[in-house]
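There are 2 protein chains.
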Amino acid sequence: MKDIDLSEIKSPADIRKMSLPELTKLAGEMRGALLEKLSVHGGHVGPNLGMVEAVIALHYVFDTPEDKIVFDVSHQTYPHKMITGRMEAFTDPAHYDDVTGYTNPSESPYDLYSLGHTSSAVALAAGLAKARDLQGGKENVVAVIGDGSLSGGVAFEGLDYGATLGSNFIVIVNDNQMSIAENHGGIYADLRLLRNTNGTADNNLFRAMGYSYRYVNYGNDLKSLIDMFSSVKDIDHPVVVHINTMKGMGLPVAEADKEEFHYAGPFDLKTGAPLHEEAPQTAPEDYSELFAKGMLRRMKENGKVVAITAGTPGVLGFDKARRKEAGKQFIDVGIAEQAAVDLASGLAKGGMRPVVGFVSSFLQRAYDQFSQDIALNKQAATFVVFYGSMFGMNDETHLGFFDIALLSNIPNLIYLAPTCKEEFEAMLDWAVKQDERAVVVRTPGSVAVSNTEIELLDDYSKPTYEIVREGDGVGLIGAGSMFGFMQQAADLLAQQGVNVTLINPRNLSELDTAALDSLKDYKVVITAEDGIIDGGYGQKVASYLGESPVKVVNLGLPKEFLNRYNYSELQKRCGLTPDQIAQTAMSALK
Amino acid sequence: MKDIDLSEIKSPADIRKMSLPELTKLAGEMRGALLEKLSVHGGHVGPNLGMVEAVIALHYVFDTPEDKIVFDVSHQTYPHKMITGRMEAFTDPAHYDDVTGYTNPSESPYDLYSLGHTSSAVALAAGLAKARDLQGGKENVVAVIGDGSLSGGVAFEGLDYGATLGSNFIVIVNDNQMSIAENHGGIYADLRLLRNTNGTADNNLFRAMGYSYRYVNYGNDLKSLIDMFSSVKDIDHPVVVHINTMKGMGLPVAEADKEEFHYAGPFDLKTGAPLHEEAPQTAPEDYSELFAKGMLRRMKENGKVVAITAGTPGVLGFDKARRKEAGKQFIDVGIAEQAAVDLASGLAKGGMRPVVGFVSSFLQRAYDQFSQDIALNKQAATFVVFYGSMFGMNDETHLGFFDIALLSNIPNLIYLAPTCKEEFEAMLDWAVKQDERAVVVRTPGSVAVSNTEIELLDDYSKPTYEIVREGDGVGLIGAGSMFGFMQQAADLLAQQGVNVTLINPRNLSELDTAALDSLKDYKVVITAEDGIIDGGYGQKVASYLGESPVKVVNLGLPKEFLNRYNYSELQKRCGLTPDQIAQTAMSALK
Chain A
1 MKDIDLSEIK SPADIRKMSL PELTKLAGEM RGALLEKLSV HGGHVGPNLG MVEAVIALHY
61 VFDTPEDKIV FDVSHQTYPH KMITGRMEAF TDPAHYDDVT GYTNPSESPY DLYSLGHTSS
121 AVALAAGLAK ARDLQGGKEN VVAVIGDGSL SGGVAFEGLD YGATLGSNFI VIVNDNQMSI
181 AENHGGIYAD LRLLRNTNGT ADNNLFRAMG YSYRYVNYGN DLKSLIDMFS SVKDIDHPVV
241 VHINTMKGMG LPVAEADKEE FHYAGPFDLK TGAPLHEEAP QTAPEDYSEL FAKGMLRRMK
301 ENGKVVAITA GTPGVLGFDK ARRKEAGKQF IDVGIAEQAA VDLASGLAKG GMRPVVGFVS
361 SFLQRAYDQF SQDIALNKQA ATFVVFYGSM FGMNDETHLG FFDIALLSNI PNLIYLAPTC
421 KEEFEAMLDW AVKQDERAVV VRTPGSVAVS NTEIELLDDY SKPTYEIVRE GDGVGLIGAG
481 SMFGFMQQAA DLLAQQGVNV TLINPRNLSE LDTAALDSLK DYKVVITAED GIIDGGYGQK
541 VASYLGESPV KVVNLGLPKE FLNRYNYSEL QKRCGLTPDQ IAQTAMSALK
Chain B
591 MKDIDLSEIK SPADIRKMSL PELTKLAGEM RGALLEKLSV HGGHVGPNLG MVEAVIALHY
651 VFDTPEDKIV FDVSHQTYPH KMITGRMEAF TDPAHYDDVT GYTNPSESPY DLYSLGHTSS
711 AVALAAGLAK ARDLQGGKEN VVAVIGDGSL SGGVAFEGLD YGATLGSNFI VIVNDNQMSI
771 AENHGGIYAD LRLLRNTNGT ADNNLFRAMG YSYRYVNYGN DLKSLIDMFS SVKDIDHPVV
831 VHINTMKGMG LPVAEADKEE FHYAGPFDLK TGAPLHEEAP QTAPEDYSEL FAKGMLRRMK
891 ENGKVVAITA GTPGVLGFDK ARRKEAGKQF IDVGIAEQAA VDLASGLAKG GMRPVVGFVS
951 SFLQRAYDQF SQDIALNKQA ATFVVFYGSM FGMNDETHLG FFDIALLSNI PNLIYLAPTC
1011 KEEFEAMLDW AVKQDERAVV VRTPGSVAVS NTEIELLDDY SKPTYEIVRE GDGVGLIGAG
1071 SMFGFMQQAA DLLAQQGVNV TLINPRNLSE LDTAALDSLK DYKVVITAED GIIDGGYGQK
1131 VASYLGESPV KVVNLGLPKE FLNRYNYSEL QKRCGLTPDQ IAQTAMSALK
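Residue numbers (this note's numbering), protein chains in the order written: chain A, 1 to 590; chain B, 591 to 1180.
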């Protein structure tokens, strides 16, 4: 058998010519290249290492791109990208950044969607299948979804609808016995039972939902996978193929600690130790750490305090040790944001003090629950927003600058934007103590900043702006993580003899009208927020001051799905550097 | 046995003293009172008639309000209200409007939540159960959910989490074999199988999710229900009790046509005929009718056009006859808004022209899918918003004035607000023809208005404002259903010698900056929209014109959960009558 030259794999046609031994060798080569890239570049380690064989088998059996495969979350598609014309991005360090970490239609016709949120693949694929049926097509439609993503409501909705298609519809359930952390939910007992019975148990979630069902116990064995996929190719009804795979396969440390190696930065291939520039103990403090430490303290002070996550405990700073320390006061509902919000509502109604932590981009998965079950029903739950910033995640699927516009326009919901870690703690302390209001607290930026001069309050229920510096003519309102830039702009202006009024608004959902009234005869008021301008905080100010002679300038982000942008370039584009803010003020004074 | 005097039923304690024959008589009396009220007052006919016995049995067996019952959607709680101190509202016409149509904590301690959206009860109840467990309580926690609501993703998320509680948690699945219309989804085959096997089939969705399971075939038989509920009272683990009930029981026309009598206005008790003031053929045309007729035409013109609903075909004007006429081009995914949006995304990707119709208040259940799977992925699906207006539904759970702020701030999504039925048709025609953009079209108000003078376009892709009347000094921008009031205000102002510029903005998601630039030296620009001011269209205008000397006044609704408000009082409160608008303009000119 000749050697496999990865650079010769230009498309799935190149692997369809291969024999099983060659494919096996290919899998080994691909896994080796992945390990190499992941160890120096970082990325979704576990999901991709576990799916090498399944992805090869899928492209071997199905006639992609005519046959259509939708990968859920698509964070497991590095092997898919390798096979579909993008090998170089995994073998040549100079090209490592040529591809995104998710499927991306602008990269390849083999990528159907830009996906980064979980659980949607089945419903999307059902749409593709329905379009095929209505147009008399014959192609296979395949959805690939992990066991962790199955707990999201839209996965269930998609499965429920897909079962009624009455035509070719193939759902591959990639069961690696893990979500990002361990799985939570009643369905996982059934998946375990199915694995333990080699798929023969009567108690079968998928059959109960209307699917025929097949099981592959060796989900990293190419022959088993190829045989099974071949057997369902061109099937005439909806089928679930449940494959049992090993997350992190081929990297012993990742096989052993699946949570740690779900996603990782650069690491030592032998030991798995992270290759940080600085030692971990000197790494900048982050809000995950701060949050977890603060919550453990609050839990000890008050047995009614509970922290809740929807499948991302690490974002909340709750690693395994801290989860153990929190005990019953830490709840992971699995990837199920809607249930997380409703659970918090029920807990609050039942007298507890729930605090839910969300990645900014994911909280939008539960808008209806925020609106109906929290805000309308005035349940005093607290929500902490992580990575809600232009300086957070910069993949187009995970942007953190839509949450202000989303949540601050819901009645009865207080949206607080602290400027620094001290204020974050104070606001959270208040939110957890009081039992009358639903509160959102946004972590200020991505790295913890300290500002001991910010005035802390015991009560944040009313919108009261902090007048940090009193000047005249120019008002700078810096919301949350933008406050620091505004403060620097104020310094620059002071150097030019312009003494501005500098304001920390604290609350982005309600206006402090008395404070704003005092600015009505100013020349200009500039607002800055770490979110889109449209629908955000600054536009409330512009509207309120619309009848006054004062000019209002709203700074913030454009309403766009930016992708892998450069942070400082974006800041400049938005006019949010201290220099630019000062210039904007000077122009308005002319 | 003595007669039952309904007025003596003040609380569940009064029914717990009764014998089975007395309870049976009570059920009959209650059903009679319900029929009487429903026939003259209207309301959710089918759901309530079907649940009389189950609600009596629940309150008979469980020690409410210490034991907690969360009713999903809570549109089936008229019998519950009768038993829990609010009988008069069902027996005395003078008090018919004393209670809302949903559970309402401000009415009674027996009502835990104000609920009107489906599928959340299980997750909410799971929170109550968890709060109990963490505090060492002993009460029963019961969620009551209908088969129709089961298809919503949050129901599944709640069931999945609830199964892990390991403690008392009772889910009553009220299976009346109907959603609002017929059910759609793979799970319904399993529910049917369970009914047909008296609950004994191996293929059991609820067991597969981790619940123990009981079945009551005669779900309108008090003894069966009482025996079953007694057997699960104080159970120490999660259990599903599946009860087979008859929707509309006791009203033959409702039993026969369950869809028509899910919700009904006043009707003749004998014939079921609606008691309209005017004959149906002279009733005002509504957008449901217009939409369905227009869509059937588009479907015939183009086989790729598909209409999609998430369980509310009637809202889209697709009654049974029209569904039959549309054939495969009409899709009901069941109550599963997320799947509806993703299905549309898949259909668009597959070359079809999908159009999804949503009640304004329900589209917020799929925000993440709008954002990620439609807008980010630029799929050319069309969404039509019904009842998106202050003149639509006025229950606090069904308000129609949040959708502009919600959807118009999503990138890549064009939000169109037609002013009249002619423009609605033109915009929808364009949206369905083009295949490059995702488009939202809002029905203008609740009753179809005609305006043959509005300029119609072939292409609405770019934001171009219609300058309906050119004046000077005062600009009135009337969005969608508010345009008519603005036009009347313009007339009033003309009578006072003030010739204003009157604008129909058409597009609420992007600004026509050229049109706005021409207003910069005006005295005042007034915007009016049929939605909350916060995060809405007017604030974009205020922000854009913030640096210009022109005053901007934004008219619209307050950010509040209003409940059963009076339409014209609210219009006045918002300053949205033509008189008030004219006065606002005159004041600004002074």
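Beta carbons: idealized from backbone N, C-alpha and C, even for Gly.
If the cut is a Cβ gap below 7 Å, which residues of chain A does B:G1068 touch? Against B:G1068, chain A offers no close residue; the least beta-carbon distance is about 17 Å (beta-carbon pairs closer than 7 Å).
Pick from B:Y801, B:F1075, B:K592: whose alpha carbon is nearest that of B:T614? B:K592
Should the stretch 1046-1066 of chain B be called in touch with the stretch 920-940 of chain B, which here means at least 3 C-beta pairs below 8 Å? no
For A:P354, which of helix, strand or coil comes out of DSSP? strand
Anything in chain A within Cβ reach of B:T987, meaning under 8 Å, just list it in chain order. Q372, L376
Secondary structure, beta strand (DSSP E): runs of 3+ residues fully inside the stretch 859-906 of chain B: 895-899
Same chain, Cβ closer than 6 Å to A:Y367, five either side skipped, listed in chain order: none
Locate the alpha helix (DSSP H) running through B:V912, then write down its first and last residues. Position check: residue 912 of chain B holds Arg in this sequence, whereas Val was assumed. 910-916 is the span of the alpha helix (DSSP H), which, as asked, contains B:R912.
Looking at C-alpha atoms only, which residue of A:E107, A:M393, A:K349, A:M352 is the closest neighbour of A:V359? A:M393
On the premise that B:K914 lies in contact with B:G640, defined as a C-beta separation below 8 Å, what is that separation, rounded to the nearest angstrom? That belief does not hold up - the Cβ atoms of B:G640 and B:K914 are roughly 26 Å apart, past 8 Å.
Interface residues of chain B around A:R365 at Cβ under 8 Å? Y957, D958
Taking only beta-carbon atoms, is B:M885 less than 8 Å away from chain A? No, its Cβ sits nowhere closer than 8 Å to a Cβ of chain A.
What's the gap between the Cα of A:D236 and the Cα of A:Y211? 12 Å
Using 8 Å as the threshold, is the C-beta distance between A:S481 and A:L413 below it? Against a cut-off of 8 Å, the Cβ pair of A:L413 and A:S481 comes out as no contact.
Against chain A, does B:P655 count as a neighbour if the rule is that its beta carbon must be under 8 Å from one of theirs? For B:P655, the answer is no, since every Cβ of chain A falls outside 8 Å of its Cβ.
Determine the direct distance from the alpha carbon of B:R912 to that of B:A869, and round the result to whole angstroms. Residue confidence is low: B:A869 scores 48 on pLDDT, short of 50, so the model does not pin down where it sits. No coordinate-derived value is stated.
Could you say if the stretch 747-757 of chain B and the stretch 783-790 of chain B meet the contact criterion of at least three C-beta pairs nearer than 8 Å? Output reads no: the stretch 783-790 of chain B does not touch the stretch 747-757 of chain B.
Let's test the definition: count the other Cβ atoms within 10 Å of the Cβ of A:E260 and tell me whether it reaches 16, buried, or not, exposed. By the 10 Å Cβ count, A:E260 comes out buried.
For A:L363 versus A:D403, is the C-beta spacing smaller than 8 Å? yes
Short CB-CB distance (under 8 Å) between B:Q666 and chain A: no
Through-space distance from A:L570 to A:A129, alpha-carbon basis: 39 Å
Per the DSSP calculation, B:K1006 is bridged to which residue(s)? One detail in the question is off: residue 1006 of chain B reads as Leu in this sequence, not Lys. DSSP output for B:L1006 lists B:V1031, B:N1097 as bridge partner(s).
Output needed for A:P578: all residues of its chain with C-beta closer than 7 Å, excluding positions within five of it in sequence on either side, in chain order. F485, Q488, A489, L492
Own chain, CB closer than 6 Å to A:I533, minus 5 neighbours either side, in chain order: Cβ-Cβ distances below 6 Å link A:I533 to N554, G556 in the same chain, with the five nearest sequence neighbours on each side left out; the list follows chain order.
Going by the C-beta, is B:L724 closer than 7 Å to any heavy atom of the ligand ADP? Ligands in the displayed structure: none, and consequently the ligand ADP is not present.
Where the beta strand (DSSP E) through B:K658 begins and ends: 658-661
Starting from B:H670, trace the beta strand (DSSP E) both ways and give me its first and last residue. No beta strand (DSSP E) holds B:H670; the alpha helix (DSSP H) holding it covers 668-673.
For A:C420, which residues from the same chain have a beta carbon less than 7 Å from its beta carbon, with the 5 sequence-adjacent residues on both sides left out? Take A:C420, set aside five residues on each side of it, and the residues of its chain with a beta-carbon closer than 7 Å to its own are P444, V449, S450, N451, I454, in chain order.
Counting only the same chain and skipping the five closest in sequence on each side, list residues whose C-beta sits under 6 Å from that of A:A125. Take A:A125, set aside five residues on each side of it, and the residues of its chain with a beta-carbon closer than 6 Å to its own are V70, V141, A143, in chain order.
Please classify A:V40 as buried or exposed, where buried requires at least 16 other C-beta atoms within 10 Å of its C-beta. exposed
Whole angstroms is fine: what's the gap from A:V305's alpha carbon to B:G901's? 38 Å
Quick one: what's A:I243 bridged to in DSSP? A:N174, A:V216
Mind checking the stretch 764-777 of chain B against chain A and listing, in chain order, the residues whose C-beta falls within less than 9 Å of any C-beta there? Per Cβ criterion, the list reads H774, G775, G776, I777.
So, A:T77 versus A:Y102, is the Cβ gap smaller than 8 Å? It is a contact, given that the beta carbons lie within the stated cut-off.
Is the CB of B:L648 under 8 Å away from at least one CB in chain A? no
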